[in-house]
Amino acid sequence: MNLIQEIIQAFSRYEGRAATSHYVPPNSLITLTYGQLEERVREIADFLLKQGMQPGDLVMCYMTKSLEMVASILAVLLTGGVCSSFYSKQNPQYSLKLFSIAHPRFLLFDEGTLRNLKKSVKTTGSDNRCPVYMEYPALESIEIRQHHSSKAIYVSKYPLGKNDSGKEISAIAHSLDDAAWCLFTSGSTGVPKGVLISREDLLRRAMTEIEDYELTDQDSLLSLLPFSFDVGLNQLLSCLLSGAHLVILNSWFPKDVLTTIRSRNITGISGVPSIWAEALAYPKEPDFEQNTQTLRYVTVSGGDLAKNQLVELRQYFGNSKIFKTYGQTETFRSSMLKPSDFERKMTSVGRPVKGTQIFILNDKGEIAPPNIEGEIVHHGVGTMLGYINDLEGTNGKLRDIVESVRETVNEGKLVFTGDRGKIDEEGYLYVLGREDGMIKTLGHRVYPKEIESCILEHEHVKNAAVVGVRDERRGQMIIAEVIGNGALDEQRLMSFLKERLPYYMIPGEINVVQHLPMTENGKIRYAAIKEKYEERRILQDCS
Amino acid sequence: MEFNEIREVTRRIIVEVITSNNGVDENPVKFENEDSLIDGGIIDSIAAVQLIEECMQHFDILIHPAELSLENFDTVNRICQFIQSKLVENQQ
Chain Y
0 MNLIQEIIQA
10 FSRYEGRAAT
20 SHYVPPNSLI
30 TLTYGQLEER
40 VREIADFLLK
50 QGMQPGDLVM
60 CYMTKSLEMV
70 ASILAVLLTG
80 GVCSSFYSKQ
90 NPQYSLKLFS
100 IAHPRFLLFD
110 EGTLRNLKKS
120 VKTTGSDNRC
130 PVYMEYPALE
140 SIEIRQHHSS
150 KAIYVSKYPL
160 GKNDSGKEIS
170 AIAHSLDDAA
180 WCLFTSGSTG
190 VPKGVLISRE
200 DLLRRAMTEI
210 EDYELTDQDS
220 LLSLLPFSFD
230 VGLNQLLSCL
240 LSGAHLVILN
250 SWFPKDVLTT
260 IRSRNITGIS
270 GVPSIWAEAL
280 AYPKEPDFEQ
290 NTQTLRYVTV
300 SGGDLAKNQL
310 VELRQYFGNS
320 KIFKTYGQTE
330 TFRSSMLKPS
340 DFERKMTSVG
350 RPVKGTQIFI
360 LNDKGEIAPP
370 NIEGEIVHHG
380 VGTMLGYIND
390 LEGTNGKLRD
400 IVESVRETVN
410 EGKLVFTGDR
420 GKIDEEGYLY
430 VLGREDGMIK
440 TLGHRVYPKE
450 IESCILEHEH
460 VKNAAVVGVR
470 DERRGQMIIA
480 EVIGNGALDE
490 QRLMSFLKER
500 LPYYMIPGEI
510 NVVQHLPMTE
520 NGKIRYAAIK
530 EKYEERRILQ
540 DCS
Chain H
0 MEFNEIREVT
10 RRIIVEVITS
20 NNGVDENPVK
30 FENEDSLIDG
40 GIIDSIAAVQ
50 LIEECMQHFD
60 ILIHPAELSL
70 ENFDTVNRIC
80 QFIQSKLVEN
90 QQ
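Quick mapping for you: the protein sequence lines, in order, are chains Y and H. Under numbering that gives the first Met the number 0, think of the first position of the first sequence as 0, with each following residue one higher. Under numbering that gives the first Met the number 0, think of the first position of the second sequence as 0, with each following residue one higher.
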């Protein structure tokens with residue numbers, strides 16, 4: 000069965016059961032059953048078809064996470080469209096940039112995002128500096144679709160045959176036929192890329208998650224992550240396909256998370272490191288164990304925690320299983336550390352998930368021996384179709400099978416992740432860091448993570464980010480930005496590091512800051528920090 | 000401090016936080032005092048933490064992690080009521 004058939008079957012199989020809720024603690028809860036959800040989905044799907052939507056059309060959902068958004072996403076999938084959602088709190092200029100990269104045929108809004116965008120279109124239109132945005136004035140002829148709730152879904156149609164980058168589009172147009180989803184990733188260059196995922200792969204990802212997390216119709220999962228993030232999206236799909244109940248909470252405050260676990264009997268949470276780092280800083284209430292007794296599992300996805308934080312997390316959720324996952328938007332989930340291996344291998348990201356293979360390739364493209372580092376290369380489930388309207392980028396990331404791995408795999412493509420890592424004798428993967436984040440200093444190669452995890456061991460440190468900035472004497476100088484708890488002393492931290500790290504890993508500079516620049520998925524934006532210091536260096540050179 | 004005065008300052012802090020996250024925009028985001036800021040998608044949890052730190056500094060109040068919740072921080076009015084109660088506590 001394909002993805003659409005599976006979804007339709009879930010609607011009727013679980014008809015009277017709760018499918019999804021939007022919870023605003025302490026006491027606002029709206030729930031849709033599978034039957035009610037199907038009704039809404041079909042209504043939006045009919046509407047889209049009446050608007051002239053065809054299979055393979057790209058539809059972008061620019062919405063705040065809500066029940067309406069769930070229904071809209073499913074309606075697009077049901078009508079055979081390619082759905083794309085992106086972060087609703089993204090600034091409007093960035094949203095417009097995404098439209099111009101992906102050229103959607105339809106845009107779906109809610110009241111808030113439409114208000115945001117209209118304002119911005121007017122701005123760019125009036126000064127004429129960004130002509131490309133002017134291709135979307137269709138906002139004036141907006142069709143309004145009122146729904147049962149007070150929230151409306153607005154549709155804007157982009158006329159066919161008006162793509163200005165025609166050549167590139169035809170070159171990968173074949174992939175849109177198989178595609179079901181387009182996720183945006185910021186990419187190391189800062190130019191967003193639209194990652195296309197096939198219908199088949201989307202289904203396989205969900206099925207694998209159902210198996211790994213042992214999801215059933217008895218589960219209630221807490222949705223904290225945006226659907227524009229692969230982990231959040233896969234939680235939604237695997238939840239619905241298993242008949243479970245997805246509870247949407249638009250808050251990462253530990254208190255709200257705990258209230259939701261208790262009052263909605265949550266059994267599983269997919270989380271990112273910054274959610275858990277916040278939770279660990281929140282003192283446990285005396286009845287914590289009682290209140291979280293339904294919680295079967297939590298995941299650490301989209302990044303890693305330092306070792307001491309992992310130990311703390313293990314103690315914090317003493318009665319729940321912890322899954323760690325590793326992957327990129329281009330590969331989804333490459334590996335998983337299962338709960339049974341957690342104690343023994345917590346600093347690894349586990350072993351390849353079902354249907355995937357991972358290789359560590361050295362600079363010559365040969366398979367590296369155990370414990371020797373190289374580039375992490377992914378094959379199998381999760382592999383993207385390519386980047387939307389970007390053939391060159393696609394060919395750089397997605398490559399033909401190389402000779403050295405042909406013994407293991409001979410079909411499909413390899414994703415060159417740009418991540419450095421190593422695999423131990425038992426097959427567990429360790430991620431060292433980004434190839435482009437590696438710091439070359441005093442003749443050594445250093446990964447920010449090695450230094451950060453040591454800084455995070457200091458009792459007065461809440462968070463830390465390490466970057467390398469060009470330096471004539473050292474090659475690169477290590478700079479650490481650190482968030483303290485108020486009692487942090489830079490000199491003391493420096494001595495602390497000197498006792499624990501080799502000389503070449505000692506930061507040349509430690510700066511205590513109030514905030515670190517973060518992405519919507521809670522990841523540190525290293526490029527922004529690096530840029531700040533590079534600019535400062537240039538200014539110093541000039542003066 | 001009068002409620003209206005607290006509200007004026009709080010609104011200014013919110014606009015600053017949004018601007019620092021979204022970049023400078025000629026037309027800053029509009030929001031009503033009863034609009035849901037976090038659940039409604041005007042600011043995210045990360046920006047919310049920033050907002051709360053700014054409030055702590057500006058009003059010279061201490062906010063405990065256990066007080067961070069949608070119930071206290073989801074609308075301008077709720078934030079202001081919370082700050083006011085903290086200021087009263089400080090005086091006592």
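All residues carry an ideal CB built from backbone N, CA and C; glycine is no exception. Being a predicted model, the structure only gives us computed values, none of them experimental.
The beta carbon of I509(Y) sits closer than 7 Å to the beta carbons of A479, V481, E489, L492, M493 from its chain, once the five residues preceding and following it are set aside; these are given in chain order. Not a single CB atom of chain Y sits nearer than 8 Å to the CB of D59(H). Chain order gives the chain Y residues near S44(H) as S250, W251, F252, where near means a beta carbon separation below 7 Å.
Within the same chain, L492, F495 come within 7 Å of H457(Y) by CB-CB distance, once the 5 residues on both sides are set aside. Interface annotation, S84(H): not in contact with chain Y, CB-CB separation never under 8 Å.
Look at A280(Y): its C-beta is under 8 Å from a C-beta on chain H.
The beta carbon of L50(H) sits no closer than 8 Å to any beta carbon of chain Y. DSSP places N510(Y) in the uninterrupted beta strand (DSSP E) bounded by 508-511. Distances from the CA of R295(Y) to each of W275(Y), Q314(Y), A17(Y), N264(Y) were compared; the closest alpha carbon is that of N264(Y). L221(Y) is bridged by DSSP to V246(Y), I268(Y). With a threshold of 8 Å between beta carbons, P24(Y) makes contact with chain H. With respect to chain H, the C-beta atom of E67(Y) has no partner C-beta closer than 8 Å. R433(Y) is not a Cβ neighbour of E533(Y), given a cutoff of 8 Å. Within the region 62-85 of chain H, the residues whose Cβ lies closer than 7 Å to any Cβ of chain Y are, in chain order, P64, A65, L67, S68, L69, E70.
DSSP, read as helix, strand or coil, puts M476(Y) in strand.
Taking the beta carbon of M517(Y) as reference, the chain H residues within 7 Å of it are I45, listed in sequence order.
The three-state secondary structure of W180(Y), taken from DSSP, is strand. Take M0(H), set aside five residues on each side of it, and the residues of its chain with a beta-carbon closer than 7 Å to its own are L86, in chain order.
Residues of chain H with a Cβ closer than 9 Å to the Cβ of Q234(Y) do not exist; the shortest Cβ-Cβ separation is about 17 Å. Relative to L413(Y), the option among K396(Y), Y427(Y), S227(Y) whose CA is nearest is K396(Y). In summary, the residues of the region 502-515 of chain Y whose CB is separated from some CB of chain H by less than 7 Å are Q513, H514, in the order they occur in the chain.
Ranked by how close their Cα comes to the Cα of I17(H), the residues E70(H), S84(H), R6(H), F30(H) have F30(H) in first place. The region 258-337 of chain Y contains, as complete beta strand (DSSP E) runs of 3+ residues, the segments 267-270, 296-299, 320-325, 334-336 (chain order). Segment contact: the region 268-282 of chain Y against the region 31-47 of chain Y, fewer than three CB-CB distances shorter than 8 Å; contact not assigned.
Approximately 7 Å separates the beta-carbon atoms of L248(Y) and S222(Y); this is inside 8 Å, confirming the contact. With a contact defined as Cβ atoms closer than 8 Å, I321(Y) and R332(Y) miss out at about 16 Å.
Per the C-alpha coordinates, the member of F183(Y), K49(Y), F98(Y) positioned closest to T78(Y) is K49(Y).
In the structure shown, the three-state DSSP call for Y429(Y) is strand. For the region 254-266 of chain Y, the beta-carbon criterion of a distance under 7 Å to any beta-carbon of chain H is satisfied by K254, D255.
Within the same chain, Cβ atoms closer than 8 Å to the Cβ of Y446(Y) are found at R419, L431, G432, G436, M437, I438, the five residues on either side in sequence being excluded.
Residue pairing by DSSP puts C82(Y) in a beta bridge opposite V58(Y), W180(Y). Within the region 18-51 of chain Y, those residues whose Cβ lies closer than 7 Å to any Cβ of chain H are, in chain order, V23, P24, P25. The C-beta distance from L236(Y) to A205(Y) rounds to 4 Å, short enough to meet the 8 Å contact threshold. Only residues of its own chain outside the window of five on either side were considered, and among them I37 have a CB closer than 8 Å to the CB of S44(H), listed in chain order.
DSSP assignment within the region 399-426 of chain Y yields the following whole beta strand (DSSP E) runs of 3 residues or more, N-terminal first: 412-422. For N71(H), the enclosing alpha helix (DSSP H) stretches over residues 69-72.
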